[in-house]
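Be aware that the sequence shown starts at -7, since it is given in the numbering used here, and climbs by one per residue. C-beta atoms are modelled at their ideal positions from N, C-alpha and C, and glycine is treated no differently. So the structure is just underneath, and the comments pick up after that.
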Amino acid sequence: MNLDAIPPLDKLGIKLVSCSDAEAIFSLPFEGNQNDKNTVFAGSQYSALVIAGWYLVGRWAEIHGLGDKVAIKEGNVSYPKAAQSEVTVQARFEEEPNQRPSGHYKSIVRIEARDKDGDLVSQLIADYRILM
-7 MNLDAIPPLD
3 KLGIKLVSCS
13 DAEAIFSLPF
23 EGNQNDKNTV
33 FAGSQYSALV
43 IAGWYLVGRW
53 AEIHGLGDKV
63 AIKEGNVSYP
73 KAAQSEVTVQ
83 ARFEEEPNQR
93 PSGHYKSIVR
103 IEARDKDGDL
113 VSQLIADYRI
123 LM
């Protein structure tokens, strides 16, 4: 997965911390992502959530020889607490990818963002597709 090809990573300061075949962890800095309430802008969090899920599914696809064409189809996001610090974003499979009748693979991913105290500040449950 070519993270250099994703402009928001650099502009928002999103960094890959670690990745395995089961989870991807990214960080989102507080500095540069504050809104007018001095909390982390929801749009910045959303970008980090989507990228973490995309990266996890893409890595799984590469490991299984399926290429790297990954897209998010739909998702449900929530923001249970305002983030007032750097955010750590963790993506994990709810369902590993499975092939659909269309030939594409479907995967449900839960992506959680937590603040420096470990409190949940945002969450995305999303349907990603590996396009064949």
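Min CB distance residue i to chain D below 8 Å
{"i": "Gly57", "result": "Note that chain D does not occur in the displayed structure, where there is just one protein chain."}
Cβ shell of residue i (< 6 Å), same chain only, five flanking positions each side left out
{"i": "Ala16", "result": "Ala44, Tyr47, Leu48, Ala83"}
{"i": "Ile103", "result": "Leu41, Ala44, Gly45, Ala83, Leu116"}
{"i": "Leu58", "result": "Ile122"}
{"i": "Asp92", "result": "It should be pointed out that residue 92 corresponds to Arg in this sequence rather than to Asp. Cβ within range, chain order: Lys98."}
Spatial neighbours of residue i in its chain, beta-carbon cut-off 8 Å, leaving aside the 5 residues before and after
{"i": "Ile55", "result": "Asp13"}
{"i": "Leu(-5)", "result": "Leu1, Leu8, Tyr47"}
{"i": "His96", "result": "Arg121, Ile122, Leu123, Met124"}
{"i": "Tyr38", "result": "Val69, Ser114, Leu116"}
{"i": "Ile(-2)", "result": "Ile43"}
Cβ shell of residue i (< 7 Å), same chain only, five flanking positions each side left out
{"i": "Ala34", "result": "Tyr71"}
{"i": "Phe18", "result": "Ile6, Lys7, Leu8, Val9, Ala40, Ile43, Ala44, Val81"}
{"i": "Glu87", "result": "Ser99, Ile100"}
Those residues which DSSP pairs with residue i across a bridge
{"i": "Thr80", "result": "Ser19, Arg106"}
{"i": "Asp119", "result": "Glu66, Ile100"}
{"i": "Glu87", "result": "Ile100"}
{"i": "Ser10", "result": "Ile17"}
{"i": "Ser114", "result": "Ala105"}
{"i": "Val32", "result": "Gln26"}
Top-ranked residue by Cα proximity to residue i, from the options
{"i": "Lys73", "options": "Gly59, Arg51, Thr31, Leu41", "result": "Thr31"}
{"i": "Val79", "options": "Leu123, Gly110, Tyr97", "result": "Gly110"}
{"i": "Asp107", "options": "Ser99, Leu116, Ile117, Ser77", "result": "Ser77"}
{"i": "Ile100", "options": "Pro93, Ser94, Leu116", "result": "Leu116"}
{"i": "Ala75", "options": "Phe22, Gly50, Pro89, Gln91", "result": "Phe22"}
{"i": "Ile122", "options": "Gly50, Ile6, Pro93", "result": "Gly50"}
{"i": "Phe85", "options": "Ser36, Ser94, Lys98", "result": "Lys98"}
{"i": "Cys11", "options": "Gln37, Leu4, Met(-7)", "result": "Met(-7)"}
{"i": "Ser36", "options": "Gly67, His96, Lys3", "result": "Lys3"}
{"i": "Ser114", "options": "Pro89, Gly95, Leu20", "result": "Leu20"}
Whole-angstrom C-beta distance between residue j and residue i, which should lie under 8 Å
{"i": "Leu112", "j": "Val81", "result": "The Cβ separation is near 11 Å, so there is no contact."}
Contact test: residue i Cβ vs the ligand NAP heavy atom, cutoff 7 Å
{"i": "Met(-7)", "result": "Absent from the structure shown: the ligand NAP. Ligands present: none."}
Checklist entry - Between the segment 19 to 30 and the segment 58 to 67, do three or more beta carbon pairs fall short of 8 Å? => result no
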